[in-house]
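**Q** The structure under discussion is supplied below as structure tokens; questions concerning it will follow.
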Amino acid sequence: MDRRRINGPAGATQPPVFDDVVSQGAKTVSGRSRMPDASRKMYLKTGVTPSASGSAYLEMETSAKPGASGLKLSCSVHGPRALPRSAPFSPHIVLSTHIKYAPFATKQRRGYLRDPSERDLGIHLEAALRGAIIADRWPKSGVDIIISIVEGDQDRETSKSQGEEAWDMMNALAGCITVAAAALADAGIDCVDTVAGGVAALVQDGGADSTPTIVVDPIPSDHAKILAACCIAYLPTRDEVTNLWFRGDLPASDMDLYTHLVEKGILASRNANCVLTNCLMETIE
Amino acid sequence: MSSTNHVLLSPAELAYLHASLSLTPPIRPDGRAPTQFRPLVAETGILPGTNGSARICFADGTEAIVGVKAEVERTVVGPEGEGVIVEGGEGEVEEGGGEGEAGWVEMTVEIPGVRDDDSGTAFLAAMLSEGLLADEGFVRRLWINRRFHWKLYLDIILISPPLSYPLPLLSLTTHLALLSTRLPRLKSEGDEDPFFDDDWAAAPYLFPRPNGKSTTFVSQTRPPITLLVMAVGNNIIFDPSKEELAVADVALAVSVTAGSSSSQAPSKHVPMDTSTEGRNLRLLSIRTIDPPSRLTPPGVANAANSAYGANAGQKTTHEAQATAEGEAVEGVWRAPRGGAKRMVLGALVQKVLERGGVVDEVLDALEGVDLG
Amino acid sequence: MTTTAPTLAIPGQLLGPATRYQPGPGTHLHEAQLYSSLLGQVHTTAAARAPGPVKRLTKITPAPVPAELPTISVMPSSSAMASGGFQGDEGEGRSGGAKKREVLPEVGNVVLARVVRITPRQAVVVICVCGDTVLEAEWQGVIRVQDVRATEKDRVKVYESFRPGDIVRAEVISLGDQANYYLSTARNELGVVSAMSEAGNTMTPVSWKEFRDPETGVTELRKVAKPQ
Amino acid sequence: MPITILAPRPSRAANGPSDNASSSDSDSDSNGGADLDGDLPMTTTKPKPKTHPSKHTPSSFEIVTPGETITSDPQWMRGHGTYLPPSTTTIISSVAGTVTRTNKLLSVRPLRARYTPEVGDLIVGRIVEVQAKRWRVDVGSTQLAALPLSAINLPGGILRKRTETDELQIRSFFAEGDLLVAEVQQLFGDGGAVLHTRSLKYGKLRNGVFVAVSGVGGGGGVVRSRRQVWTMDVANGGGQVDVVLGVNGYVWISKHVETAAEAEKGATTTTGITNIEESVSATMYSSQNDRIEVETMREIARLRGVVTALVENGLRVDEDMVVRGYHEAVEMAMVSAEGSDDIYLGGERGQRLAAVLTGV
């Protein structure tokens, strides 16, 4: 909420609803073309923003479908730098994370001010990174991690977002974690490990009666229904999880299903970690 | 901007707390058993101007109030013939119609002393509404007819600045408020403009009450509750206080609800063993809470302490204070690094979801609150 | 198990057991194994290390180490400087050129700082170079009046020692409070190394307490660093 | 049962007065020399409470609210918590609290108040800020107290000269978050306190737990008493435990550590003061805990439970109450289902404990 301006009325207008030619009737437009355990291809590069202490850019493979686009993220790390004079003494580095969707990143235009979901993502990212950095190496200093989501996962062909925003957020978070880890390493901030994010989902493709399956790195529009999903930030060498975000509806009596979902989430972050490791080795070679 | 506010504790206190919570069984500073909650005082229906309300306070004076208000709202329907949101009667909603439905519930959290655009508050609100919305059956209850639905406003207000992470308090209060929520009885039929019975006594509960002392709560659907659990060493601790959270290795917020799943699909995976004692619990959401332990000041071992005995006055402070890489010394606090082992996370979730475990008892106790 | 440590490391990479190496900058210990915590080149230095104006945490374990192990460290090298390589010796690395990356000033480091403000009690400076590293961020420091020189401390006047704009070589003596590092110039080779006169000309040092403007011939008082 | 949910109590009035009576009794007593003479009728605007459990302090628990007239009788002098409107003799309360009369002085003791430091108070405080030559300490007052570097004992004995390096390594003595026990040495005009730790019984705290309760006020909480610090033997093989009741309401409960000096004192009573200083200073600023046995930890937690239960039930916290409460708690645990390991004293059990204590 912008406190300095008078804002227009909220929710006074109704968004237009486009006629949905392609996907009319059938919900499962194209479906998933990858194996259940395969992640999308990912492009990652460090050192893209010269003015920042460290930076990285991540792009997810665009699906074969026309009009669909993959996630594009740019992360810059500023610091370590001195804390403002008014800040209290800190024996650790003070981490602050900002995630912002570009106004044009999603189907529905986003404002310039961070909305609650972006703040929420920022907290998730902070939790994921704070477990990875060695904060006591940099007393009295601060670091800002700023991520712009240049383009979100989206599909022009689907007329409306089908309650997918929450699942999209998980995909975005996983990308943010990976790109931030690369930028942190580029900035020379001590980390215990390279943290990478991954998403796994329990999907039901064949209507309400079919058996749900677990897939890695889901694209919401590929699936008829997502029953549950989890986003995991994982440290491969230590075999530790720094952030776990699960959402869905699972019977509590079936712990195995949950455990499998988490295992697949870890698999997804391992996949992302391979890309991250290769990217970092390229950086120093 | 962290999900948990920072607490100032001395390294010696942290080391002591960690040691006592790592014992088997753990010794909690307030003497509670690991799964025991702080005693609380609860009442519902405190605000006559709302559809449902509740108040819970802790012995330390922390107090939360939740008011639920419902308004009739016109459902945005797509072009002719395409039932974007609704299809058929009896609250049957076309599957996947989530976006429109999620917007039917609006939740705000107000924490005194915190800016309303604070990220921590946004995180709290997201966490509470996530649990609510993950249960598709919940928003379905707000359906009136094809053209109208209830819009539910949940306003969660913490009366005093939080003395501990307020998540469980807010969640339990929200649960009670929803339990006590009643919507006016619909008199109109079909898709005409809704027309309601103005007799409040006839208004049905949003979550229908069990008849008398029936034990068939297996089929009873309840609003979700979000619990805070943390692990120290091998111990799993419920409803941690501020001090306990400050030495947590990992903390999770787990949203659970009781009742049969609205989307029956996953339950097909398992045979429904309704014969067993206890509720049919469903896991709705899990979030990692960034434990404040990572931001705690480290202790200095006597051996490295410049202010210790003979070394005093020598200029060795910084070599000593710079956290030398070394093995942990007993009795000296060190902020944890890295994340949590999979096993620990799994155990935490398992403990919450245990049949006939903590969640069941909490739900029992909440049901026992008089909804006058 | 490799017998030698890798030459390049990414965060989280195993460097070797703690029984073989001592942890140096850019490494961390986890379950008796040493891991890298930075992205960069791996260096091992023999046991006897001359203390000097070094980069980062000099992990001096207070108790004498039972067996003198070589110290293993990881030095960050961003892609921009990768071609230049990294000088292994740290004491006299000045010739290696200024590398722009972030380090934290540590107690005992010799730094170059620019004076920004003076008060009767202290001079406020901004640390620009730490050891041989040009800093990206501006870390603020203060030189208190009692730390200006070693002798006749009670007669020191800050405005006779420093002026805003001067470049000072100083030693870090304390991490200080939340905002400032505490610096000292109480040694012969420490003090003002470069100063401008009031007329705006670069001055040359003429004595331990004076600089002279070569054009106007006017002398100004400073705490002069002994030229090296 | 992991959770207890209670219905709200009908109103505080039912059990409020008796709680307040007992605590304000002790408050007045501990002030010493207060002549609680209640014969004179003083209430003009409201009827006096008819029944009263306590005989000698008729209206000591009478609760007044801001703006309420206490008396218009000119024989009374106004004290803290009251004011006189210009050109009248009416004394009006300016806070919500209980009326206290000391001879002819009328004052209102607020029901809840932050700690007001007084010279000589023993307090427990927490460092919140480290400055160049002093620390700022949270003592539960309206302002932060100051602890100058010159007011602490430096390690290496009392005779050691304070050097400049001490100033540079000020954080190695006390850093942000550290707890300490100290004495109020001096007060500023604005109520700010200056502390000192120049005694062996003061200094950094370790080996224990902290609990903050309300300080000196009209309700429950820590009251000024003869002894704020004591060592007690605890049950169930817990050894000895130190309790520090800061006058400001901050309480520290820790394992009793026998210092070298004490041990020596047991053998020969002729140890010089400097020797003690030196041996004590070794651990003076340590943040490393000693080894603490499980039994001791359990009893420390039980003591903490007693203190919290006392406060939650509006009782005063002093040595007598804590020691008696502790013994009651041990007894209660003995007969409880789980046995002596059961240390929980929250909710109902705390109320039962309080009832036993007030019943005596």
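Chains as they are written, first to last, in the working numbering: chain F, 1 to 285; chain G, 1 to 372; chain X, 1 to 228; chain C, 1 to 360. All residues carry an ideal CB built from backbone N, CA and C; glycine is no exception.
Which residues in chain C have a C-beta closer than 7 Å to the C-beta of G373 of chain G? List them in chain order.
**A** Here chain G comprises residues numbered 1 to 372, so residue 373 of chain G is not present and cannot be evaluated.
**Q** Give the single residue among F:E61, F:K45, F:G47, F:L44 whose Cα lies nearest to the Cα of D217 of chain F.
**A** Taking the first sequence and counting its residues from 1, one reaches residue 217 of chain F at position 217. Ranking F:E61, F:K45, F:G47, F:L44 by Cα distance to D217 of chain F puts F:E61 first.
**Q** Expressed to the nearest angstrom, what Euclidean distance is found between the alpha-carbon atoms of E130 of chain G and F246 of chain F?
**A** Taking the second sequence and counting its residues from 1, one reaches residue 130 of chain G at position 130. Taking the first sequence and counting its residues from 1, one reaches residue 246 of chain F at position 246. Each residue's alpha carbon lies about 10 Å from the other.
**Q** Measuring CA to CA, which of F:L244, F:L184, F:G198, F:T49 is closest to I134 of chain F?
**A** Walking along the first sequence from the start, residue 134 of chain F turns up at place 134. Comparing Cα positions, the closest option is F:L184.
**Q** Out of X:D177, X:V192, X:T151, which has the shortest C-alpha to C-alpha gap to E171 of chain X?
**A** Residue numbering aside, residue 171 of chain X sits at position 171 when the third sequence is read from its first letter. The candidate whose alpha carbon is nearest that of E171 of chain X is X:V192.
**Q** Mind checking if A82 of chain F is an interface residue toward chain X, Cβ cutoff 8 Å exclusive?
**A** The residue labelled residue 82 of chain F in the question sits at position 82 within the first sequence. With 8 Å as the cut-off, A82 of chain F counts as an interface residue toward chain X.
**Q** At a CB-CB cut-off below 9 Å, which residues of chain G make contact with V209 of chain C?
**A** The sequence position of residue 209 of chain C within the fourth sequence is 209, counting from 1. E13, Y16, L17, S20, P29, E243, listed in chain order.
**Q** Near D198 of chain G, what residues of its chain come up, given a Cβ to Cβ distance below 6 Å and the 5 sequence neighbours on each side ignored?
**A** As a working mapping, residue 198 of chain G is identified with position 198 in the second sequence. Result list for D198 of chain G: empty, nothing under 6 Å.
**Q** Can you find a CB in chain G that lies within less than 8 Å of the CB of E312 of chain C?
**A** By one-based count along the fourth sequence, residue 312 of chain C stands at place 312. Closer than 8 Å: yes.
**Q** Under the rule that 16 or more other beta-carbon atoms within 10 Å means buried, what is A201 of chain G, buried or exposed?
**A** Numbered from 1 along the second sequence, position 201 holds the residue referred to as residue 201 of chain G. So A201 of chain G counts as exposed.
**Q** Return the residue from the list F:I219, F:A200, F:I226 that minimises the CA-CA distance to S210 of chain F.
**A** Locating residue 210 of chain F in the first sequence gives position 210, counting from the first residue. Among F:I219, F:A200, F:I226, the Cα nearest to that of S210 of chain F belongs to F:I226.
**Q** Verify the CB distance criterion: does I10 of chain X have a CB-CB separation below 8 Å to chain F?
**A** The residue you call residue 10 of chain X lines up with position 10 of the third sequence. Yes, because at least one Cβ of chain F sits closer than 8 Å to the Cβ of I10 of chain X.
**Q** I'd like the list of long-range same chain contacts for V64 of chain C, defined as Cβ closer than 8 Å, with 5 residues on each side in sequence excluded.
**A** Position 64 of the fourth sequence, counted from the first residue, corresponds to residue 64 of chain C. Same-chain partners within the cutoff: I70, S93, A96, G97, T98, V99, V108.
**Q** If you count every other CB in all the chains shown that lies within 10 Å of the CB of L113 of chain F, and 16 or more means buried, which is it?
**A** Counted from its first residue, the first sequence places residue 113 of chain F at position 113. Exposed, because fewer than 16 other Cβ atoms sit within 10 Å of the Cβ of L113 of chain F.
**Q** Within the continuous alpha helix (DSSP H) that includes W167 of chain F, where are the two ends?
**A** Here residue 167 of chain F refers to the residue found at position 167 when the first sequence is read from its first residue. It spans 165-187 - the alpha helix (DSSP H) in which W167 of chain F sits, taken as one unbroken run.
**Q** Helix, strand or coil: which one does DSSP assign to I144 of chain G?
**A** Position 144 of the second sequence, counting from 1, holds the residue named residue 144 of chain G. Note: I144 of chain G maps to coil in three-state DSSP.
**Q** Who are the Cβ neighbours of A233 of chain F in its own chain at under 6 Å, not counting the five residues just before and after it?
**A** Sequence index remark: in the first sequence, residue 233 of chain F carries index 233 (1-based). Counting only Cβ-Cβ distances below 6 Å, and skipping sequence neighbours, we find A128, I177, V195, G197, T242, N243.
**Q** Take T165 of chain C as the anchor and find which of X:V168, X:V158, X:Y182 has the nearest alpha-carbon.
**A** Numbered from its first residue, the fourth sequence carries residue 165 of chain C at position 165. The candidate whose alpha carbon is nearest that of T165 of chain C is X:Y182.
**Q** Tell me which residues share the same chain as Q146 of chain X and place their Cβ nearer than 6 Å to its Cβ, disregarding the 5 neighbours each side in the sequence.
**A** Position 146 of the third sequence, counted from the first residue, corresponds to residue 146 of chain X. Cβ neighbours of Q146 of chain X beyond the five flanking positions: K153.
**Q** Mind listing the chain G neighbours of P91 of chain F? Cutoff is C-beta to C-beta under 8 Å, in chain order.
**A** Stepping through the first sequence from its first residue, residue 91 of chain F is reached at position 91. Here the neighbours are P297, P298.
**Q** Among the residues of its own chain, which have a CB less than 8 Å from the CB of P139 of chain F, if the five just before and after it don't count?
**A** Against the first sequence, residue 139 of chain F aligns to sequence position 139. Correct list, in chain order: S90, P91, H92, I93.
**Q** Name the chain F residues whose beta carbon is nearer than 7 Å to that of V213 of chain C?
**A** Reading the fourth sequence from its first residue, position 213 is the one you call residue 213 of chain C. Within chain F, no residue comes near V213 of chain C; the closest Cβ sits about 26 Å away, beyond 7 Å.
**Q** In terms of residue numbering, what span does the beta strand (DSSP E) encompassing A200 of chain F cover?
**A** Locating residue 200 of chain F in the first sequence gives position 200, counting from the first residue. 196-204 is the span of the beta strand (DSSP E), which, as asked, contains A200 of chain F.
**Q** Looking at the C-beta of G339 of chain G, does it have a partner C-beta in chain F at a distance below 8 Å?
**A** What you label residue 339 of chain G is simply residue 339 of the second sequence in a count that begins at 1. Taking Cβ atoms only, chain F reaches closer than 8 Å to G339 of chain G, which makes this a yes.
**Q** Determine whether the Cβ of Y181 of chain X lies closer than 8 Å to any Cβ atom of chain C.
**A** As a first step, residue 181 of chain X must be located in the third sequence, where it is residue number 181. Cβ-Cβ to chain C under 8 Å: no for Y181 of chain X.
**Q** Using a Cβ cut-off of 8 Å (strictly closer), state whether E176 of chain C contacts chain F.
**A** By 1-based counting over the fourth sequence, the position of residue 176 of chain C is 176. Cβ-Cβ to chain F under 8 Å: yes for E176 of chain C.
**Q** Within the 8 Å Cβ cut-off, does S340 of chain C reach chain G?
**A** Position 340 of the fourth sequence, counting from 1, holds the residue named residue 340 of chain C. It does not; no Cβ of chain G falls within 8 Å.
**Q** Please confirm whether V294 of chain C has its beta-carbon closer than 8 Å to some beta-carbon of chain G.
**A** As a working note, residue 294 of chain C is residue 294 in the fourth sequence. V294 of chain C counts as touching chain G.
**Q** Whose C-alpha, out of C:S141, C:T163, C:V223, C:V222, is nearest the C-alpha of V194 of chain C?
**A** Taking the fourth sequence and counting its residues from 1, the one referred to as residue 194 of chain C is at position 194. Taking only the C-alpha atoms, the option nearest V194 of chain C is C:S141.
**Q** May I ask you to list, following chain order, the residues of the region 232-256 of chain F that have a beta carbon less than 9 Å from some beta carbon of chain G?
**A** So the close ones are A233, Y234, L235, R238, D239, E240, V241, T242, N243, L244, W245, F246, R247, G248, D249, L250, P251, A252, S253, D254, M255, D256.
**Q** Hey, how far is the Cα of E167 of chain C from the Cα of V124 of chain X?
**A** Stepping through the fourth sequence from its first residue, residue 167 of chain C is reached at position 167. Stepping through the third sequence from its first residue, residue 124 of chain X is reached at position 124. Distance between the alpha carbons of E167 of chain C and V124 of chain X is about 18 Å.
**Q** Hey, does P88 of chain F have any beta-carbon neighbour from chain C nearer than 8 Å?
**A** Stepping through the first sequence from its first residue, residue 88 of chain F is reached at position 88. Closer than 8 Å to some Cβ of chain C, the Cβ of P88 of chain F qualifies, so yes.
**Q** Quick one: what does DSSP say F210 of chain C is sitting in, helix, strand or coil?
**A** The residue labelled residue 210 of chain C in the question sits at position 210 within the fourth sequence. Reduced to three states, the DSSP call for F210 of chain C is strand.
**Q** Out of X:P25, X:L34, X:P23, which has the shortest C-alpha to C-alpha gap to G16 of chain X?
**A** Position 16 of the third sequence, counted from the first residue, corresponds to residue 16 of chain X. The option with the nearest alpha carbon to G16 of chain X is X:L34.
**Q** Quick one: what does DSSP say K264 of chain F is sitting in, helix, strand or coil?
**A** Along the first sequence, one-based indexing puts residue 264 of chain F at 264. Here K264 of chain F sits in helix by DSSP.
**Q** Ignore the nearest five residues each way along the sequence and tell me which others in E348 of chain C's own chain have a CB closer than 6 Å to its CB.
**A** On the fourth sequence, residue 348 of chain C is found 348 positions in, with the first residue counted as 1. Counting only Cβ-Cβ distances below 6 Å, and skipping sequence neighbours, we find nothing.
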